[in-house]
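Visitor: Numbering (this note's numbering), first residue to last: 4 to 133.
#1: Measuring straight from C-alpha to C-alpha, what distance separates residue 129 and residue 120?
#2: Can you give the Cα-Cα distance for residue 39 and residue 22, rounded to whole angstroms?
#3: Using CA coordinates, which residue listed in 92, 26, 85 is at the minimum distance from residue 99?
#4: Tell me whether residue 33 sits in a helix, a strand or coil according to DSSP, three-state version.
#5: Report the option in 24, 95, 17, 10 whose CA atom is closest to the CA atom of residue 72.
#6: Using a Cβ-Cβ cutoff of less than 6 Å, which residues in the same chain neighbour residue 97 once the five nearest sequence positions on both sides are dropped?
#7: Provide the residue span of the beta strand (DSSP E) that contains residue 127, from first to last.
#8: Looking only at its own chain, which residues have a Cβ that is under 7 Å from the Cβ of residue 118, when we skip the five neighbours before and after it?
#9: Rounded to a whole number of angstroms, what is the C-alpha to C-alpha distance between residue 63 and residue 82?
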């Protein structure tokens with residue numbers, strides 16, 4: 004299993020950060036997605052720009068503090084844990100992904116891919132909230 008974390012300060016109040024991250028039907032700020040599909044209050048699907056789907060199942064939601072979900076597609080299976088902490092001048096986000104590649108040949112690349120995805124997510128989020 005590969006694990007990757009990113010922790011950073013977003014210069015925006017916690018309510019706006021939380022809403023941007025958790026309101027998955029409003030994905031337009033994400034440069035990596037073509038669309039999202041909300042299945043239920045606990046499940047949604049994200050589609051990459053090339054149409055590749057990943058299913059997410061929310062396992063914990065403590066508003067403005069913690070959001071967790073399981074994720075799966077044909078290449079990987081894993082879990083995402085996100086913590087949100089308010090500060091006077093913004094919000095600290097601390098996101099960790101735990102992923103297992105389903106295909107042997109992908110295993111060496113998983114951690115690099117996660118780091119790249121996390122950096123892009125934070126860059127997109129910061130840009131959208133500025």
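Here a beta-carbon is modelled for each residue, glycine too, at the ideal position from N, C-alpha and C.
Guide: Taking the structure as given:
#1: 14 Å
#2: 16 Å
#3: 85
#4: coil
#5: 24
#6: 10, 86
#7: Careful: residue 127 lies outside any beta strand (DSSP E), inside the alpha helix (DSSP H) at 113-132.
#8: 7
#9: 11 Å
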